[in-house]
Amino acid sequence: MSNLIKGKKHEWETVIGLEIHAQVKSNSKLFSNSSTVFGSKPNSQVSLVDAAMPGMLPVINRYCIEQAVKSGIGLNAKINNHSVFDRKNYFYADLPQGYQISQYKYPIVGEGKVTIDFKDGTSKDIRIVRLHLEQDAGKSLHDQNPTKTYVDLNRSGVALMEIVSEPDIRSADEAGLYISKIRSILMYLDTCDGNMQEGSLRADVNISVRKPGDDYGTRCEIKNLNSIKFIKQAINYEVKRQIEVLEEGGVIEQNTLLFNTSSGKTSPMRSKEEAHDYRYFPDPDLLPLDINQEDIDKLKNAIPELPDDRKTRYISDYNLSNYDASVLTSDKYVSDYYDTIIESDKTLKDSSKIVVNWLTSELFSLLNDKNIQINNSPVTPQNLGKLVKLITEDIISGKIAKEVLVEMFNTKQDPEKIIEKKGLKQVTNTSEIETIVDEVLKENQIIVDQYLSGKDKLLGFFVGQSMKKSQGKANPKILNEIIKIKLSKKK
Amino acid sequence: MEFQSITKLKTLLNKNKISVKEIAETYIKQIKEKKELNIFIYFNEDKIHDQVKEIEKLSNDKVLKGIPIAIKDLFCTANMPTTAASKILENFQPTYESFVTQKLIEQGSMFVGKTNLDEFAMGSATNTSYFGNTINPLSKNDNPLAPGGSSGGSAAAVAADLCLGATGTDTGGSIRQPASFCGVVGIKPTYGLCSRWGIAAFASSLDQAGVFSKNVTDASILLEEIAGHDQRDSTSSNVKIPSFSKNLNTSLEDKVVGIPQEYTVDGISDEINGVWEDAIKSLEKKGAKIKHISLPHTKYALPTYYIIAPAEASSNLARYDGVKYGFRAKDAKSLDDMYELTRSEGFGKEVKRRILIGTYVLSAGYYDAYYLKAQRVRKLIANDFVEAFKECDLILTPTAPSAAFPLNEQQDDPIKMYLNDVFTVPASLAGIPGISIPYGKDQQGLPLGVQLLSKHYNEQEIFNAAFSLEKDYE
Numbered sequence: 000m001s002n003l004i005k006g007k008k009h010e011w012e013t014v015i016g017l018e019i020h021a022q023v024k025s026n027s028k029l030f031s032n033s034s035t036v037f038g039s040k041p042n043s044q045v046s047l048v049d050a051a052m053p054g055m056l057p058v059i060n061r062y063c064i065e066q067a068v069k070s071g072i073g074l075n076a077k078i079n080n081h082s083v084f085d086r087k088n089y090f091y092a093d094l095p096q097g098y099q100i101s102q103y104k105y106p107i108v109g110e111g112k113v114t115i116d117f118k119d120g121t122s123k124d125i126r127i128v129r130l131h132l133e134q135d136a137g138k139s140l141h142d143q144n145p146t147k148t149y150v151d152l153n154r155s156g157v158a159l160m161e162i163v164s165e166p167d168i169r170s171a172d173e174a175g176l177y178i179s180k181i182r183s184i185l186m187y188l189d190t191c192d193g194n195m196q197e198g199s200l201r202a203d204v205n206i207s208v209r210k211p212g213d214d215y216g217t218r219c220e221i222k223n224l225n226s227i228k229f230i231k232q233a234i235n236y237e238v239k240r241q242i243e244v245l246e247e248g249g250v251i252e253q254n255t256l257l258f259n260t261s262s263g264k265t266s267p268m269r270s271k272e273e274a275h276d277y278r279y280f281p282d283p284d285l286l287p288l289d290i291n292q293e294d295i296d297k298l299k300n301a302i303p304e305l306p307d308d309r310k311t312r313y314i315s316d317y318n319l320s321n322y323d324a325s326v327l328t329s330d331k332y333v334s335d336y337y338d339t340i341i342e343s344d345k346t347l348k349d350s351s352k353i354v355v356n357w358l359t360s361e362l363f364s365l366l367n368d369k370n371i372q373i374n375n376s377p378v379t380p381q382n383l384g385k386l387v388k389l390i391t392e393d394i395i396s397g398k399i400a401k402e403v404l405v406e407m408f409n410t411k412q413d414p415e416k417i418i419e420k421k422g423l424k425q426v427t428n429t430s431e432i433e434t435i436v437d438e439v440l441k442e443n444q445i446i447v448d449q450y451l452s453g454k455d456k457l458l459g460f461f462v463g464q465s466m467k468k469s470q471g472k473a474n475p476k477i478l479n480e481i482i483k484i485k486l487s488k489k490k
Numbered sequence: 000m001e002f003q004s005i006t007k008l009k010t011l012l013n014k015n016k017i018s019v020k021e022i023a024e025t026y027i028k029q030i031k032e033k034k035e036l037n038i039f040i041y042f043n044e045d046k047i048h049d050q051v052k053e054i055e056k057l058s059n060d061k062v063l064k065g066i067p068i069a070i071k072d073l074f075c076t077a078n079m080p081t082t083a084a085s086k087i088l089e090n091f092q093p094t095y096e097s098f099v100t101q102k103l104i105e106q107g108s109m110f111v112g113k114t115n116l117d118e119f120a121m122g123s124a125t126n127t128s129y130f131g132n133t134i135n136p137l138s139k140n141d142n143p144l145a146p147g148g149s150s151g152g153s154a155a156a157v158a159a160d161l162c163l164g165a166t167g168t169d170t171g172g173s174i175r176q177p178a179s180f181c182g183v184v185g186i187k188p189t190y191g192l193c194s195r196w197g198i199a200a201f202a203s204s205l206d207q208a209g210v211f212s213k214n215v216t217d218a219s220i221l222l223e224e225i226a227g228h229d230q231r232d233s234t235s236s237n238v239k240i241p242s243f244s245k246n247l248n249t250s251l252e253d254k255v256v257g258i259p260q261e262y263t264v265d266g267i268s269d270e271i272n273g274v275w276e277d278a279i280k281s282l283e284k285k286g287a288k289i290k291h292i293s294l295p296h297t298k299y300a301l302p303t304y305y306i307i308a309p310a311e312a313s314s315n316l317a318r319y320d321g322v323k324y325g326f327r328a329k330d331a332k333s334l335d336d337m338y339e340l341t342r343s344e345g346f347g348k349e350v351k352r353r354i355l356i357g358t359y360v361l362s363a364g365y366y367d368a369y370y371l372k373a374q375r376v377r378k379l380i381a382n383d384f385v386e387a388f389k390e391c392d393l394i395l396t397p398t399a400p401s402a403a404f405p406l407n408e409q410q411d412d413p414i415k416m417y418l419n420d421v422f423t424v425p426a427s428l429a430g431i432p433g434i435s436i437p438y439g440k441d442q443q444g445l446p447l448g449v450q451l452l453s454k455h456y457n458e459q460e461i462f463n464a465a466f467s468l469e470k471d472y473e
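Chains as they are written, first to last, in numbering that gives the first Met the number 0: chain E, 0 to 490; chain A, 0 to 473.
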């Protein structure tokens, strides 16, 4: 697949590297025991350490370390037995210590890679440079008062994993697939909740363009993007901008940019003169972090099935297509939901593809309409499994099933109960159907005659009328056959 | 009235010959009488009386019940303000109690006040304090002397009988040098022996709490109470703390005392070298073997220290920005402006000097040449001691290159001031324990101290040798 972009004069190649900031899923912060619950009252989750009171000291939260190691394993990366926490020094109102504790020279996780899958069935590896742990800053609130800035330190000290990719990404779509894949892996591992709206996963995007075969061009960094949609928009805008500048004979200045989500444009955040010297040095309040190989192996053995493994399993065990399998596995909750359906009844394994359709088209559209996440679905996987079974066993038709699903969605009821209550069970009893067909043929003698005179297409009319009379409950296959037999007898 | 020592006062108290209240009144009176020495940043009679009521309820088993203790104003205390002798924390009242002071409270001690120090412990004369100089109580009227620093207020408080013990912190000599200047005992234990939790940080990899007292026994009692592991300080040692005071003895049989040749430096008075000689002879007399040793990287200790300590300080003091607590300059027009004004007005000259030095040595392009190199040299210096302690148990040196100097001397010459730390800094860089005990006087009658060093966690041998010297000196 060619990703080259045609400018006015040349073709250009986009080069993208991502720094993803993923909030570690943990009840307490990286160096203090304050809670990390999102959306709490401002400054209600701030310890003496988080507020950088005199004499307060950071203490490593071992759980966050384990979470980072697990994430590293999920990214097929090297776990470093020895890593160091450094101080990154700069002043800002929402940075109480005047420095951020991060990892600079010796990160906890080294080189790794993830695979992204394209719709056409091909795939590509994106290399990962490192994953390191760091503290999040607080929040400056500029919109609460016309003349004042307020600071909320609830987020101050929350653990983040910064995942840095090599510049292996070549398009906005690839960037989207890459961040989805990282998100999916972390959610499978339960090391990040993946909630981009709440800022649990955000990315800085480094972008440059070059003529194919040239060295890398000068890059610009777009900061703090928190949706895949915005990431793609920002990349597309920025690539176009850079190509225009270059084709007009200009040069790209290395810069940090912000993306305005309403205008869809990027603009410089700070100029070069304000470039920071962060004066990194090892934090003397913390000892270097040494992790036993044994502990790493223990975590390795406890790693759950990851999206790629699950995809392979779906293809081999359930005969799903690569595309269906990757759609299902890209979201852990969807995939878990699917697994629960299949496991709920032995016979459903043979209907795996039908289950996919009912899940990804019918249920998804109901969920999307109401903006409900799959893990909050009013339709339980067990009930959706029952519904599919009712269809495959010819107890209800697909058409009726759609109605039943809506009812299940609205009332959380079991499909069998809905069918029973509403009398929707499919009629498979041939004599019942024969009676209906006889009535229809009798009521429409003229059309029967037309049919007999050679208008074969009118068969559909009789099917429709009979189905209507059965209130949609007649088994279509049996109905069809009976009509054909009855009409042929009249010939 | 003078109670001489913790052990003596405790005996009187246990025999009901004195009450906690009487102790409090005695010390309040003495502190008021010596107000002009400017030893305390915070002193409040009511706060002492409040403590008396609580202390009276405690059992006599509490080791420090009723013992008057002065606290260096770098330790955060929930009951008294904490300033670090800086305008930037002028009105700061912590809501928490430092690990060390909490331990002292639990054992029933009575805090008489918060003592003066060099601003954020940066200095060697207690003359960089925002609250003015402390005067050495041993000064003659016409010639006010410096008490040393940075824990000058605490050393002076013990020397002036305003308490029987005091806390200090030692980053490069801030306990040992003022102990020498004021003629009291001061010990800096092994780095990590006492938790740093709740002590305003100067240089995290060097800061260590310790104590001042009137004699070695009292120092051993106090240290065993404030030492111990603290999960809230990642650099706190998880070692068993021996009962230093119970194990005290003067026997030095089979002990080898090293005398480092590098500590004989130019410009040191014969008096100081004489006191050193006397101490060597005393130890020898008690059965110790004297061995001349070499600590070859000693000459690099001072420059190494004056890179590492300011580097850490430049970052540790970044939190004093006017945003959350403490002093905030008025009329700032922007956030950057607020930082600039707050920190320009809130910090004194010496603190600013060190922040600038520290910022410089950590800057891109200078980091390798200064900070990284200093870290490497620090390892060499530490290794000197490791090698030395393969052939000796203790090292004996002078504590400071001079006796207490006049207050107005050295004020404007930072390099000369930094030289005060020449004998104390190497042990700080190595993280090993050191004590200073008075062992002689100069011609003017001013005390001179000697320093005993040993390997990590070997405070007991230091106490024993110091105890031996003290007995001999008496």
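Heads up, the beta-carbon is just placed ideally off N, CA and C, and yes, glycines get one too.
By the 10 Å Cβ neighbour count, where 16 or more other Cβ atoms means buried, how is residue i classified, buried or exposed?
| i | result |
| --- | --- |
| Y215 (chain E) | exposed |
| E419 (chain E) | exposed |
| V58 (chain E) | buried |
| Y322 (chain E) | exposed |
| E243 (chain E) | exposed |
| K52 (chain A) | exposed |
Taking 8 Å as the CB-CB limit, is residue i close to chain E?
| i | result |
| --- | --- |
| V264 (chain A) | no |
| Q101 (chain A) | no |
| W275 (chain A) | no |
Hey, is residue i's beta-carbon within less than 8 Å of any beta-carbon in chain A?
| i | result |
| --- | --- |
| G97 (chain E) | yes |
| P53 (chain E) | yes |
| I127 (chain E) | no |
| P283 (chain E) | yes |
| E61 (chain E) | As written in the sequence, residue 61 (chain E) is Arg, which differs from the Glu given in the question. It does not; no Cβ of chain A falls within 8 Å. |
| L17 (chain E) | no |
| A92 (chain E) | yes |
Just to confirm, are residue i and residue j a CB contact at a threshold of 8 Å?
| i | j | result |
| --- | --- | --- |
| V113 (chain E) | R129 (chain E) | no |
| I307 (chain A) | I258 (chain A) | no |
| A399 (chain A) | D441 (chain A) | no |
| F461 (chain E) | V439 (chain E) | yes |
| S164 (chain E) | Y149 (chain E) | no |
| R240 (chain E) | T217 (chain E) | no |
Going by C-alpha distance, which of the options is nearest residue i?
| i | options | result |
| --- | --- | --- |
| V238 (chain A) | A:K34, A:S313, A:Y456, A:K332 | A:Y456 |
| I292 (chain A) | A:Q106, A:E390, A:T125 | A:E390 |
| K9 (chain A) | A:M109, A:V421, A:T127 | A:M109 |
| T379 (chain E) | E:Y332, E:T346, E:I353 | E:Y332 |
| K424 (chain E) | E:I395, E:Q412, E:K441 | E:I395 |
| L163 (chain A) | A:Y370, A:I279, A:I22 | A:I22 |
| L286 (chain E) | A:R231, A:L301, A:D277, A:A312 | A:R231 |
| I104 (chain A) | A:T297, A:G65, A:A218 | A:G65 |
| G111 (chain E) | E:N79, E:R126, E:S101 | E:R126 |
| Q253 (chain E) | E:I221, E:P281, E:E247 | E:I221 |
| N60 (chain E) | E:T260, E:K24, E:L365 | E:K24 |
| D253 (chain A) | A:S268, A:I54, A:A287, A:S97 | A:A287 |
| A202 (chain E) | E:I19, E:E406, E:D93, E:S1 | E:I19 |
According to DSSP, simplified to helix, strand and coil, what is residue i?
| i | result |
| --- | --- |
| L298 (chain E) | helix |
| G182 (chain A) | coil |
| A21 (chain E) | strand |
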